[in-house]
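For the protein sequence lines, the chains are A and B, in the order given.
Residue -19 is where the first sequence starts when you use our numbering, and the numbers rise one by one after that.
Residue 99 is where the second sequence starts when you use our numbering, and the numbers rise one by one after that.
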Amino acid sequence: MRIFVLGGAGKMGCISVQDLAKDDRVDEVVIADIDVESAKTVADYLDSPKISVQEVDIHDDEGFVKALDGADACLNATVYYTNLQAMEACLKAGVPYTDMGGLFYTTRKQLELHDRFESAGVSAVLCMGSAPGVPNIQTRYAADRLDTIESIKIFDGIKPPAPDDPRFSYAVPTIVDELIVEPVVFEDGEFVAKPPLSGFEDYWFTQPLGLLPMHLSLHSEVATLPVSFNDKGVKECFFKINYWGMAKEMVEKVRVLIEFGFDGREPVEVDGTSVVPREFMVSMLSGYVHSITDLLAPPKSQPPDWTKEIVTEVHGTKDGEEIIYRMGTLTCKGALPTGVAPAIAAVWLAEGRVDPGVYPPETALDPVPFFKELEQRGIITQATVTKKV
Amino acid sequence: MVAEYNLDAANELIKDIGDPRIKAVQFDANDYDSMLKLFPGHDVVISGLPCEYDPAVTKACVEAGVNGLDVATEEDQWSYDAAAKEKDLVYIPGVGATPGITNAMAKHAVNQMDEVDEIQINFAAFRCPAPAPGLLVTFLWEFNPKTETRFYVKNGKKHMVGPFEGLKKVDYKGEIGVQEVCYIPHPETRTMPKSLGVKNVSVHGCFPPQAMNLAKTMLEWGLFDEEPFTYKGVETNACDMMLELLLRSPRTKETPVWGYGLVLEVFGKKDGKDLKIKLWNEHPPMAEWGGKAAYYKNIAVPLSIGAQMIARGDIKARGVLPPELAIDPVIFFDELKIRGIEVFEETEWL
């Protein structure tokens, strides 16, 4: 089995590569990246005979499609802007596709490719980062056991770093988008936009996380779950997170730059050079991320300082009785499930376990074996069922 | 006479004011000889140029035999002191809000004491970061970690400090209210130890909270860094690029409250007893005082008063002198009051 990891030298992609290289079902992992130097750093660190490096420029259509030749699945770990382009290449190459999310709107556009993928006999599972991804499958687990669903409430709780830790928890452009684009919630059966950083509520997570302040954020789960479980009568769905796993103080600083116009996409002339303020800001902040070796290494401290619990609360009924499923997936390293979940999806795609077409995780992947695979990697999922006595 | 590079803007201003005594002339501040041709025949030259032009303007005033004043203070200006005295002229650097009103406040307190121990100056410059290119440069310079003149004087010795050090809260009253301030590089710490013989002098200041957050963010994320790097094939550095992008952003031209808060505390002795004299300014709220002009008037009005005091002969001192050695605070405060800026004082025996 040969898995092609597009952006495999990136902060999340390298974790996928690490997981795939350890997987007995996988024979070969290709780190496909434009940054060959970083790709070599990842390959050297992981030191696995299964890993190879291939320079790939996603903007070179022909070269990209050619590079996909022989792959059993493509895992797109680049920033979500490339999703549609990468899917087109996979469609041409006839290679199954998965990615880490499309920040609501891109996911919707990707789902429109379903018929073309189905006709071509190519399978795709979207939104398989830890979130989106894990919450979708958590919801499916609960939905399989409920007759009706009233609400789906997703809480992505990450142990906050120190206030002076300036690092971003994942892709800087995605976090900037999440800060400025209005989150969409499903409310009374309608999709409604809310102000960024709104809807605060405290939520109690499994120790060592405890009580965390959660706010709305634009996420792909909300784009697909109310549609997938429409037949069960879903009326409410939202996604909340605590400052995207960053220190609140750091998020405020990004907001300051945005307030002063650094989210601008219109180029301005600076000494004869066309500069897009947003691109400049992202390029200046891109250094403030975890190093690849930090991301690949086991936690440095116990209890780990990058704990995360992804919780989905599904409120519904079974045989007329009101039931709440609290699905909690706990990990000792925040980025681990973001790399692992799409790696599992890529393997399942390569094994032919997903029908041709484009699917969100909840309609494509069977929850119990999925959670079992996460458990094998130390990522534990617990279901708590609450009902009247 | 309005001497301005942009003659159209000058004529527009004159049209708005509608006073036949005002005329305009095109002027290039980079052309030193043009100053020598233009200045003679005037009683006083007011320089509203960015501070880097102040030494050249001072030199030209002395050479042309004309009194002058400006709103900043550059060390090179003092070198023309002897020549100005010789020509029976006065040139006063720094006659705005701070330096300017603050120097007169300090002098006023010092005049009431037998011994002066400490002068603490606090300002709140409530304006947007980039109302004009020069003011953005000043704003960034004040928080740039490489700025070498950020110090306070304690026991007669300079103590260098970094940006956002010495945080404390000051109540400026009115629309500005209570603000957090930090050490700011300012001319008062350079002039007052010598001119007023005070061993302890400090200047704390702030801009609107949003602007302070910008400076703090730039500092913490290395955006004042001058290390060269290549961006889109052009060699630049973070600091320069930030300056250029901030200049071009419409959002750096706005802030909700415009005004200027000044609070001075002077500690000393009178008749053997310890006392503190606190002085502060008050001016009409921006809604009644021309919106953004509520900030600018605090700089431009004292500058105009200084020029008129020189022209009237209220200023007898000669040479290139800081405001505290040239300007009578009582006359100055009376003139400010007529124009809406009031200075208050409160004496506390310790």
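Cβ coordinates follow ideal geometry from the N, Cα and C atoms, glycine included.
Quick caveat: nothing in here was measured; it's all calculated off a predicted structure.
Is any heavy atom of the ligand FAD found at a distance shorter than 7 Å from the C-beta of residue i?
i	result
L345(B)	The ligand FAD is not part of the structure shown, which contains no ligands of any sort.
Under DSSP, the beta strand (DSSP E) around residue i begins and ends at which residues?
i	result
Y281(B)	276 to 281
D37(A)	No beta strand (DSSP E) contains D37(A), which DSSP labels as neither H nor E.
D215(B)	213 to 224
C54(A)	53 to 56
S177(B)	Counting along the chain, S177(B) falls outside any beta strand (DSSP E), and DSSP gives it neither H nor E.
K367(A)	360 to 367
V361(B)	357 to 368
G337(A)	337 to 339
M258(B)	255 to 258
L238(B)	No beta strand (DSSP E) contains L238(B), which is instead part of the alpha helix (DSSP H) from 231 to 241.
I144(B)	142 to 145
T334(B)	332 to 334
I303(A)	301 to 311
In whole angstroms, give me the CA-to-CA distance for residue i and residue j.
i	j	result
D186(B)	L136(B)	20 Å
A326(A)	R349(B)	45 Å
F430(B)	E422(B)	11 Å
D215(B)	N128(B)	42 Å
P153(B)	Q175(B)	5 Å
E352(B)	L276(A)	45 Å
K157(B)	D131(B)	11 Å
S254(A)	M290(B)	47 Å
L233(B)	I144(B)	18 Å
G300(A)	T361(A)	27 Å
M133(B)	Q124(B)	11 Å
K297(B)	H199(A)	60 Å
I413(B)	P191(B)	14 Å
I155(A)	W224(A)	7 Å
I117(A)	G(-7)(A)	21 Å
E324(B)	D24(A)	34 Å
G458(A)	M67(A)	The question about residue 458(A) has no answer, for chain A in this structure spans -19 to 369.
N445(B)	K376(B)	The question names Asn, but residue 445(B) is Thr in the sequence shown. When rounded, the distance between both Cα atoms is 6 Å.
Rounded to whole angstroms, how far is the Cβ of residue i from the Cβ of residue j, which I believe are closer than 8 Å?
i	j	result
V269(A)	R147(A)	6 Å
L316(A)	I(-5)(A)	6 Å
G179(A)	E289(A)	Incorrect: roughly 19 Å between the Cβ atoms, too far for contact.
L167(B)	L401(B)	7 Å
Y393(B)	G357(B)	6 Å
P285(B)	P197(B)	5 Å
S149(A)	M226(A)	6 Å
A51(A)	V75(A)	5 Å
H257(B)	V279(B)	Between V279(B) and H257(B) the Cβ distance is about 17 Å, and since that is not below 8 Å, they are no contact.
I408(B)	N165(B)	5 Å
E201(A)	P112(A)	5 Å
V9(A)	A1(A)	5 Å
Classify residue i as buried or exposed, calling it buried when 16 or more other Cβ atoms lie within 10 Å of its own Cβ.
i	result
W328(A)	buried
P206(A)	buried
I115(B)	exposed
S197(A)	buried
S266(A)	exposed
H206(B)	buried
T200(B)	buried
G254(B)	exposed
L191(A)	exposed
D369(A)	Just to set this straight, residue 369(A) is Val in the shown sequence, not Asp. V369(A) is exposed by the Cβ-count criterion.
G101(A)	exposed
V365(A)	exposed
Q90(A)	buried
N379(B)	buried
W319(B)	buried
D79(A)	buried
How far does the alpha helix (DSSP H) with residue i in it reach, from first residue to last?
i	result
E446(B)	Note, E446(B): premise wrong, no alpha helix (DSSP H); beta strand (DSSP E) at 440 to 447.
Y121(A)	114 to 123
S99(A)	94 to 100
I199(B)	199 to 208
T289(B)	286 to 293
V348(A)	347 to 356
T87(A)	85 to 91
S402(B)	391 to 410
Y250(B)	Premise fails: Y250(B) lies in the beta strand (DSSP E), 249 to 252, not in any alpha helix (DSSP H).
Beta strand (DSSP E) segments (min. 3 residues) lying fully within the segment 168 to 206 of chain A: 170 to 173, 181 to 185, 190 to 196
Ranges of the alpha helix (DSSP H) found wholly within the segment 257 to 286 of chain A, counting only runs of at least 4: Given a length threshold of 4 residues, each whole run of the alpha helix (DSSP H) inside the segment 257 to 286 of chain A is given here in chain order: 257 to 265, 272 to 276.
Segments of 3+ residues assigned as beta strand (DSSP E) that fall wholly inside the segment -16 to 51 of chain A: 8 to 13, 31 to 35
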